[in-house]
Amino acid sequence: MSHKITVAAAMALVALLACQRMKPSEDLLKEARQAHTRGENRAAVIQLKNLLQQEPGHAIARHMLGELHLALGDPASAEKELRRALSLGHPRKDVLPPLVRALLEQASYQGVLDELQAEPPTAAVLAWRGHAQFGLGKNEDAGQLYTEALRKDPDLVEAHLGQARLALVRGDADGAAGMVERALAAAPRNTQTLRFKGDLLRSRGQLEAAMTTYRAILTIDPNNVQAHADIAASLLQSGKPALARTQLAAARKLQPGSLVLVYAQALLEYAEGKHKTALEHAQMVLRAAPEHMPSYLLAATIELAIGATAQARTHVLRYRQGQPKEIYGIRLQALCDLRENKPQDALALVEPLLAAGSQDIDLLAIGGEAAMRAGKHELAGRWFALASSQAPESSQLLAANGLSLLSQGQDARAVDALEQAARQDGPASRAGALLVMTHLRTRNFAQAKAQVAAMEAQGDNPAVQNLKGGVFLVSGDPDAARRAFSRALKIDPGHMPALDNLVELDLMEKKLPQARKRYQAALERNRGNVPLMMSLARLEARTGNPAAAIAWLEQASKAAPDAAAPMQALAALYLRTGQAERALALAQRYQASRPAEAAAIDLVAQAAAAAGKHQLALASLQKLTALNPANAELFMRLARNQLALRQKAEALHSVRKAIAIEPQREEALALASALMIDSRAFDDARKLARLAQQRQPKAGIGYKLEADALLEDAKPQEALALYERAFGLQRSGPLMIALHRAMHAAGKLQEARQRMDAWLAQQPQDQPTRLYFASHLLQLGDHAAARHEYETILQNDPDNVLALNDLAWALLQLKDAGALRPAERAHRLAPANPAVADTLAWILVESGKPARAVPLLKKALESAPTSHDIRLHYAHALFRTGDKKGARSQCEQLLAVQGFALRSEVQSLIARM
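Residue numbers for the sequence shown follow the working numbering, so the first one is 37 and each next one is one higher.
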């Protein structure tokens, strides 16, 4: 007992001592201010947090903590504390400047405009609004605001800086420099102005001067982590990564968790070729600061470098939402287009800039490639020539110019350009290989062989021998080609291009076993070689043996359990062969080793959706949309999974996000409209449609969507006028169907029939529209006309199950003994389809074969237990086989259904029992 008293007494003593150690709030605030004055901002933060633990509602401490977070490079935490200070009654005039700066540093430009909406138009407020408009890409509006601000206060540094940024965007670097000097004259120790000056010097290649300027910031504010990061970036640009790393290490001691330094670290890692860690750090910044545009740009650049084009596009599109005219973003998007084989899209991006006189060499090279691939050879030649004239030492540009000339049919000039490039890089270079290909194109086999001989003289090289084999193959000498490919493998037994070419020769000669043995022999020499196993898998898949392909991919995945390529290929093949559960298990294993990698999360989402596990797919897609918030397709996939889970409101929310990203995406507009109509939100559906009309006045989609809403709202005449307008803009089968439905609803039956007949006469291959029309005729009871349409469909598509099934039904109604034939064929093609089984069974019942019908209907009813028609047919079949008890049981279940349309038929059947 005494021991327990001693423990209790000790605890009370500890509590008493703790109370005695607590300092008054004013003392803690004073110590925080003193630490800040000494430049010890982290110590100041600790004191303020101690204060706020004691007194959470201390407005002054909240305000000071917000400003310190801002100084330490954490604008998100700064915003949080500053808003708390406002809510606690701290004067708005004191909170507003740092709050606006915190929003600007997070690139929350619309947030700035919303925050300032009710503020009087002081010079500072006008300048802040200018910064927000500039961030949103509205440069003219920004310029007017800066001018107005300077009219009110000619010395306002914010406005001078804003005008300097605008001048820089317009390409007037000298004008920008002049404005910066004026701003510094008004406030020589303003760190924002000094940083802009440093950035300007760095953009002009004056790296030493830039670093001197950044160091001047550190003399004013030694804890300025942004200045440290800028110095590190300048060192990196100077080719001094080791010094950059040292600079960042020093900065991390000041603020270990600074996002500014995380971003700088990502830049350093990218420069060092550490793509995976660089991407992880860029994504870390984006998770904490989703509006940080430079991180989107960096993530896109890294993803392009590692071949993740889809993710790169998502990030660059998000970046370009805020900076639509910035040239680097345009270049990256154009590169994504080229990687995805969309040269026309790339051309549409770069052509306006190049037509306006841009001399950017990278843009000229991208434009040249896009133009060449889009078939605009003269334009490509002009841009490549301009680029290579600016960088005559670039063999890559010379080679590209040669290819452009080649595509224009200027073979002699093309050869000159390629020879010049080959002289610079050596005969065995890429330019030399292109020169060989050029000679092959012009069927100048002698010169192609001479160029290859020059390349051979440089030494034994498997790539040269592989190229030599290609020359002989094209020139019609497969035996010599085979010898060259074999020579390449003798030099390097692991040279996969030559091995693949030998396999191609085997396949050309229809020697599949030999091709297979060739890969297997190579694998025998190099056991565990994953690329060889994957080549074998591709060979088996290509020659129609998916089971063997799966076996090889499983072996490759087992040999390299952490390798991405085998797991991705195997999961994709599982999905293609309907093995969704196995695909999901593999995808989850793949993701476990790469929990933050978008490709791994995406694979799980695909496999889960295919396996019907929509909740898991949903969770994965939510992660993907967080990583890629500008990817409309991801939001559409999210919506489809939400619909599978009957989450209609959530699905509509997701589709709206897709539309915000891609306003002209017809699939998204149609789904959003359908969801609104389904919930009878007709006004919302019409608003959406009218917005689509404004955005795409020459497309039919907006008018069709408005008409859909009107038709479902029982306004067929109004709908008809809009369908006609849509059809006039965009003649298509789906619009013809919509037009036909509206005419029928408006009572114009004869006109509807005539329009549909005319359309099908003009578009005889439009199977979906003909199938709709046949089904419509069947519902009207025009069985002879329906029969004609179904037979026309089956002439072109004899295995169309729907057409076979409905033709059988039409023939049954026409008392045609041939009804059984299409019904049986449909059932052979789709044995698990309950509607098909029902049709066949009822034809059997009607033709006096109820015993054959009963098992078909029983199985169909098990698959579709809520189908009252199948249950009624089952009752009839049971009755006709003499099973009155079973028939009565089915009838009683039908009578229990409220509002069943065929109730009288059920009662009549019972009366006969």
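Heads up, the beta-carbon is just placed ideally off N, CA and C, and yes, glycines get one too. Bear in mind that the values here come from a model prediction, so they are computed numbers and not experimental data.
DSSP on residue i, reduced to helix/strand/coil?
i	result
SER294	coil
GLN766	coil
ASN565	coil
PRO733	coil
GLN615	coil
THR350	helix
GLU941	helix
MET772	helix
GLY580	coil
MET792	helix
MET672	helix
LYS233	helix
ALA900	coil
HIS863	helix
MET949	coil
GLN153	coil
LYS116	helix
LEU908	helix
THR917	coil
GLY403	helix
GLY495	coil
GLU560	helix
ALA534	helix
ARG682	coil
GLN89	helix
ARG69	helix
GLY365	helix
ARG240	coil
SER571	helix
ASN226	coil
What residue does the alpha helix (DSSP H) around residue i start on, and which one ends it?
i	result
ASP852	Premise fails: ASP852 is in no alpha helix (DSSP H) and is neither H nor E.
ASN377	No alpha helix (DSSP H) contains ASN377, which DSSP labels as neither H nor E.
ALA246	243 to 256
GLN180	175 to 188
HIS26	Nothing can be reported for residue 26, as the shown portion of the chain is limited to 37 through 949.
THR875	870 to 882
ALA337	Sequence check: residue 337 is Thr here, not Ala. Note, THR337: alpha helix (DSSP H), 329 to 342.
ALA662	650 to 663
GLU928	920 to 931
GLY198	193 to 205
ASP638	634 to 646
ALA160	159 to 171
ASN502	498 to 510
PHE936	Segment: none, PHE936 is in no alpha helix (DSSP H) and carries neither H nor E.
ALA209	209 to 222
ASP515	514 to 527
ALA708	702 to 714
SER270	261 to 273
GLU141	128 to 141
Return the Cβ separation of residue i and residue j in integer angstroms, given the expectation that the two are a contact with Cβ distance under 8 Å.
i	j	result
LEU620	LEU606	Not quite, the Cβ-Cβ distance comes to about 12 Å (not below 8 Å), so this is no contact.
VAL193	ALA222	6 Å
PHE936	LEU945	Going by Cβ atoms, the distance from PHE936 to LEU945 rounds to 13 Å, so no, they are not a contact pair.
ASN565	LEU559	6 Å
LEU953	PHE809	There is simply no residue 953 to check, as the chain begins at 37 and stops at 949 in what is shown.
ALA348	ALA300	With a Cβ gap of about 21 Å, ALA348 and ALA300 do not count as contacting.
LEU212	ALA203	Note that residue 212 is Ala in the sequence shown here, rather than Leu. That pair is a contact at about 4 Å.
LYS751	SER715	Between SER715 and LYS751 the Cβ distance is about 18 Å, and since that is not below 8 Å, they are no contact.
LEU399	ARG367	6 Å
Checklist line | Runs of beta strand (DSSP E) lying entirely within the segment 802 to 830, each at least 3 residues, in chain order | finding: The DSSP assignment places no complete beta strand (DSSP E) segment of no fewer than 3 residues inside the segment 802 to 830.
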